[in-house]
Amino acid sequence: MKLEDRVADLERRLAALESATAAAEPGGARFELDAGDFWALHGLKEQLDEAGEAAANGGVLFTGAVKLPAGERYEWQYGALTTGLLGTTEENRSDWAEAAEPLAALGHPVRLRLLREILAGRRTAAELAELDDTGTTGQIYHHLRLLTGAGWLHTKGRGRYEVPGARVVPLLVVLAAARP
-3 MKLEDRVADL ERRLAALESA TAAAEPGGAR FELDAGDFWA LHGLKEQLDE
47 AGEAAANGGV LFTGAVKLPA GERYEWQYGA LTTGLLGTTE ENRSDWAEAA
97 EPLAALGHPV RLRLLREILA GRRTAAELAE LDDTGTTGQI YHHLRLLTGA
147 GWLHTKGRGR YEVPGARVVP LLVVLAAARP
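This note's numbering puts the first residue of the sequence shown at -3, with every later residue one more than the last.
Okay, structure coming up:
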């Protein structure tokens, strides 16, 4: 990478950090992720370049820093090489069928609503049953069972449900990717 390109990249990163700092201050500017500011993409490409031939076909990265309405904070990132995801070589073959159950579990509006409410702090089936348009208690338990079986939820003592920390950012990424 040329020195001019590295300096330009550092300037972009500094501007993004300064904007984020200003947004955190009272009366500060609002921080927006601009489609023209590809700092994460540039970082991924640098990592792929350093990986050499193993990463010749590229890769994907998703990341997030999240504070939920109930106060929990999660920071997470995941990267994968394209070769492994597409299964272009026998040793990197990925079985896409393994993704069917977790994706199918998200394919129902009530289950998505339950996940949103759990992330917001409603953690028990009784609290979820108080919501309008979520069905009977039996139906709610059915949806909770499917979400738990697919790994989107787990129980945490006394019938309390939570989204596992390692699934919070991926869940939000899936939702963001599904938007038109």
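Note that the Cβ used here is the ideal one computed from N, Cα and C, for glycine as well. Since this is a predicted model, take the numbers as computed values, not measurements.
- Between the stretch 148 to 159 and the stretch 113 to 125 there are three or more C-beta pairs closer than 8 Å, enough to call the two in contact.
- Per DSSP, the continuous beta strand (DSSP E) segment holding Gly60 begins and ends at Gly55 to Lys63.
- For Thr59 against Ala36, the beta-carbon gap comes to about 7 Å, under 8 Å, which counts as contact.
- Collapsing the DSSP output to three states places Ala76 in a strand.
- In this structure, Thr78 places its C-beta atom within 7 Å of the C-beta atom of Gly55.
- Contact annotation, Leu102 with Leu108: C-beta distance approximately 6 Å; criterion of less than 8 Å satisfied.
- For Leu171, the number of other beta carbons within 10 angstroms of its own is below 16, and it is reported as exposed.
- Considering only His139, Val165 and Glu126, the residue with the shortest C-alpha distance to Tyr70 is Val165.
- The beta carbon of Leu44 lies closer than 7 Å to those of Ala51, Gly54 and Gly55 in the same chain, with the five residues before and after it left out.
- The same chain holds no residue with a CB closer than 7 Å to that of Gly39 once the five nearest residues on each side in sequence are set aside.
- Contact check for Gly80 against Leu57 fails: the beta carbons are separated by 7 Å or more.
- The beta-carbon separation of Leu110 and Thr130, rounded to 7 Å, stays under the 8 Å limit for a contact.
- One thing to note: Ile136 has its Cβ no nearer than 7 Å to the Cβ of Ala122.
- Taken through DSSP and simplified to helix, strand or coil, His104 comes out as coil.
- Within its own chain, no residue has a Cβ closer than 6 Å to the Cβ of Leu127 once the five positions on either side in sequence are excluded.
- The continuous alpha helix (DSSP H) containing Leu171 extends over residues Gly161 to Ala174.
- Taking C-alpha positions only, Gln73 is separated from Gly134 by approximately 36 Å.
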